[in-house]
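In the numbering used here, the protein residues as written are 22 to 165.
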Amino acid sequence: MDIPMSEQAQKPEPHPGAAASAIAGMALVVAVVLQQLGSTGKIDSLVHRWSLGFGLDGMLQPLAPWISWIWTIGMTFGICQAMLHAPRHWRRSVLMVTSLLLTVAWVPVLAMAGFTAPIGVAIIALFWGGVGSIAYAIRHREPE
């Protein structure tokens, strides 16, 4: 029996909650692996040099790593959920760019408080989670 072309070309039903959790989990695993391989050190040293250039008096203390991880986990799961529940691709792109900009904007705010933050892991996890969410959304039906 032949299936009509319109039914063949129809995209599968989305499951945004489960998919967003899986995508965020994979993004965090990629970030952990890259951190263990030392790939995030370049980003973190670049951010540290940038924060020293703000001209603030005093030494910047490193932020506790668990604080950066709380930010990374919360933002990654949150942005993946938001992107898969948002209709239209341009909205997903805006959400991804906004999450990356918020993470980078964290650096000068913490520098004014006297801290420097390792955000390399957060940048990688958010970028990977955003790309994964966009790829999933392209292959599945839009949320209503």
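We put the CB at the ideal spot given by N, CA and C, even for glycine. This one's a predicted model, so the numbers in the text were calculated from it and none came from an experiment.
| Check | Outcome |
| --- | --- |
| Buried/exposed call for Q56, threshold 16 Cβ in 10 Å | buried |
| Those residues which DSSP pairs with W83 across a bridge | Sequence check: residue 83 is Pro here, not Trp. For P83, which the question treats as bridged, DSSP gives the partners T137. |
| Other residues of its chain near A146: CB distance less than 6 Å, five sequence neighbours each side excluded | A48, L49, A52, T93 and T97 |
| 8 Å Cβ cutoff met for A132 and S89 | no |
| Close Cβ partners of P139 (< 6 Å) along its chain, the five nearest in sequence each way excluded | D65 and S89 |
| Uninterrupted beta strand (DSSP E) stretches inside the region 32 to 114 (no shorter than 3 residues) | none |
| M80, buried or exposed, once every other Cβ within 10 Å from all chains shown has been counted against 16 | exposed |
| Sequence-distant residues of the same chain with beta carbon closer than 6 Å to G141, five excluded per side | T61, I64 and D65 |
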